[in-house]
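Colleague: Please read through the structure below; I'll follow up with questions.
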């Protein structure tokens with residue numbers, strides 16, 4: 001018995017066409033990885049006493065959208081600081097602004113935040129390393145992003161930005177910075193470092 005399959009052809013073709021459209025949709029709207037930069041860090045407090053560490057860092061971070069046709073929407077951006085893989089500030093402090101739209105090719109997206117920790121307990125080994133003149137920290141920015149073209153929007157994707165900063169503090173008891181080519185200045189409320197340092201970004 002020969003079975004007539006001609007009736008199933010339109011269904012199969014329609015199904016394949018739908019799959020192709022969905023694939024193209026997600027490919028086109030898949031956001032290009034934004035290029036984040038750690039612009040500056042101001043260290044306004046570094047208190048180390050009886051095994052507890054109390055830091056405060058004010059950070060400015062910017063991003064460039066390298067895509068020439070796709071905008072990027074950011075949602076719920078938060079930040080924290082790690083020292084030697086240990087978190088030393090409050091978890092996930094909101095950046096300002098936490099939600100932002102960045103048009104294609106734009107490099108003017110900027111966020112600021114004050115990141116601080118209250119009597120963070122560190123191991124004796126880490127406390128000993130803190131006595132050096134250079135503070136090496138990693139500033140993490142986490143949140144969600146999506147691609148946008150007009151009314152078309154992709155699904156939200158999580159991302160994690162890592163910004164490494166090596167801060168030559170000098171004598172922290174005096175907060176008197178030496179001349180070093182303008183990268184470091186005494187702002188009256190602490191030491192400010194102009195870095196303009198690229199960060200790494202992972203999208204999942």
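In full-length UniProt numbering, the protein residues as written are 1 to 204.
Every residue, glycine too, gets a C-beta built ideally from N, C-alpha and C.
Excluding the 5 residues preceding and the 5 following residue 196 in the sequence, name in chain order all residues of the same chain whose CB lies nearer than 7 Å to its CB.
Modeller: 37 and 39
Colleague: For the beta strand (DSSP E) that contains residue 191, what are its first and last residues?
Modeller: For residue 191, the enclosing beta strand (DSSP E) has its first and last residue at 191 to 198.
Colleague: Less than 7 Å between the beta carbons of residue 115 and residue 48, yes or no?
Modeller: Contact flag unset, no.
Colleague: If we require 3 or more residues per run, which beta strand (DSSP E) segments fall completely within the region 59 to 121?
Modeller: Listed in chain order, they are 71 to 83, 100 to 102 and 109 to 116.
Colleague: Below 8 Å, can you find three or more Cβ-Cβ pairs linking the region 79 to 91 to the region 148 to 155?
Modeller: no
Colleague: Would you report the Cα separation of residue 191 and residue 46, rounded to the nearest angstrom?
Modeller: Per the coordinates, the alpha-carbon of residue 191 lies some 11 Å from the alpha-carbon of residue 46.
Colleague: In chain order, what residues of the same chain have a beta carbon less than 6 Å from the beta carbon of residue 84, not counting five sequence neighbours either side?
Modeller: So the qualifying residues of the chain are 126.
Colleague: Should residue 156 go down as buried or exposed, given a rule of 16 or more other Cβ atoms within 10 Å for buried?
Modeller: exposed
Colleague: By the DSSP assignment, the beta strand (DSSP E) with residue 46 in it spans what residues?
Modeller: 35 to 49
Colleague: So, for residue 204: in the same chain, excluding its five sequence neighbours on each side, which residues have a beta-carbon less than 6 Å away from its beta-carbon?
Modeller: These residues qualify, in order along the chain: 158.
Colleague: So the beta strand (DSSP E) residue 169 belongs to, where does it begin and stop?
Modeller: Run containing residue 169: none; DSSP gives neither H nor E here.
Colleague: Could you spell out the range, first to last residue, of the beta strand (DSSP E) harbouring residue 135?
Modeller: Secondary structure note for residue 135: its beta strand (DSSP E) is the uninterrupted segment 134 to 149.
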